[in-house]
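Undergrad:
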Amino acid sequence: MPSPTTAPAAAPARTAGGPSFTAIDFETANRFPGSPCAVGLVRVRGGVVVEERSAYMRPPRTRDGFDPGNVRVHGITARTVAGHPRFEQLWPRIEAWILAEDPAELLVAHNARFDMGVIRAACAETGTPHAPLSYACSLALARRGYELTSYALPRAAEAAGVPLGRHHDALEDARACAGVVVDLVRRAGAVTVPEALSGAGLAVRRLEPLPRS
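Throughout the sequence shown, residue numbering follows the UniProt record's numbering, covering 1 to 213 in sequence.
(1) Taking contact to mean 3 or more Cβ pairs, one atom from each stretch, closer than 8 Å, check whether the region 17-28 and the region 102-109 are in contact.
(2) Hey, how far is the Cα of residue 214 from the Cα of W97?
(3) Run through DSSP, which three-state label would D25 get?
(4) Enumerate, from N- to C-terminal direction, the unbroken beta strand (DSSP E) stretches of 3 or more residues contained entirely within the region 99-170.
(5) When DSSP builds the beta bridges, which residues end up paired with T38?
(6) State buried or exposed for E147, treating a residue as buried only when at least 16 other CB atoms are found within 10 Å of its CB.
(7) Around the C-beta of E52, are 16 or more other C-beta atoms found within 10 angstroms, so that it is buried, or is it exposed?
(8) On the DSSP bridge assignment, give the partners of V49 in chain order.
(9) Among R43, G69, G117, I94, whose alpha-carbon lies nearest the alpha-carbon of P33?
(10) Since R206 and S134 are thought to touch, with beta carbons under 8 Å apart, how far apart are those beta carbons, to the nearest angstrom?
(11) Can you check the region 64-105 for any alpha helix (DSSP H) of at least 4 residues that lies completely inside it and give the ranges in chain order?
(12) Rounded to a whole number of angstroms, what is the C-alpha to C-alpha distance between A122 and L90?
(13) Return the residue from the list R72, R93, F66 that minimises the CA-CA distance to V81.
(14) Look up R61 in the DSSP assignment and say whether it is helix, strand or coil.
(15) So the candidates are A190, V185, G161, P154; which of them puts its Cα closest to the Cα of D173?
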């Protein structure tokens with residue numbers, strides 16, 4: 001995985017004929033959702049990837065054990081993240097990057113319930129505030145836009161004609177998610193993600209800030 005704040009490839013020229021959003025993917029150290037150890041972010045403008053970011057992080061101190069099952073899935077260990085910032089140190093920078101161009105930036109994740117749950121649980125565990133975040137689920141949209149035997153990211157990416165290098169690498173998964181969403185919006189005859197969601201009987205959702213104690 002590239003180091004934090006790395007854009008691995010030069011961005012193509014921006015176009016105006018497609019959706020704009022940020023795809024996000026987390027990997028976790030253990031079964032507790034608030035144990036993020038890696039994040040991948042892909043910014044899309046006009047249907048084109050224009051910027052990417054990825055980072056390792058140490059999970060919150062109270063939840064930083066690495067379960068063997070999780071390690072088998074993504075290959076990240078305590079040694080991998082040693083020396084990297086903890087979630088609560090990194091999150092403000094992640095959030096600032098997400099919202100830098102648009103305070104109402106739409107996040108998209110494949111199985112968004114998981115990724116939004118990571119943000120909520122890790123912020124709650126560490127007392128870290130987060131802004132209101134609008135989000136959509138590419139898994140839910142794929143179930144309306146494709147006819148597949150499985151809607152897991154590898155199958156959805158294949159249906160979209162999008163390469164998926166290594167599943168459960170956070171940046172690779174975020175790239176694939178972005179490609180799936182762009183394809184589904186196009187198939188729906190829409191221009192924006194909210195338009196495609198509406199046509200599929202779905203809607204943008206919102207992760208509200210945690211109440212102050």
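Backbone N, C-alpha and C fix where the C-beta goes; we use that ideal spot for every residue, glycine too.
TA: According to the data block:
(1) Contact between the region 17-28 and the region 102-109 is present: three or more C-beta pairs spanning the two stretches fall below 8 Å.
(2) Because the chain spans 1 through 213 in this model, residue 214 falls outside it and cannot be assessed.
(3) strand
(4) Here the runs fully enclosed are 106-109, 133-137.
(5) Reading the sequence as shown, one finds Ala at residue 38 and not Thr. For A38, DSSP records a beta bridge to E27, Y56.
(6) exposed
(7) buried
(8) V44
(9) G117
(10) 5 Å
(11) Counting whole runs of 4 or more residues, the region 64-105 contains the alpha helix (DSSP H) stretches 68-74, 78-81, 87-98.
(12) 11 Å
(13) Ranking R72, R93, F66 by Cα distance to V81 puts F66 first.
(14) R61: helix per DSSP, three-state reduction.
(15) P154
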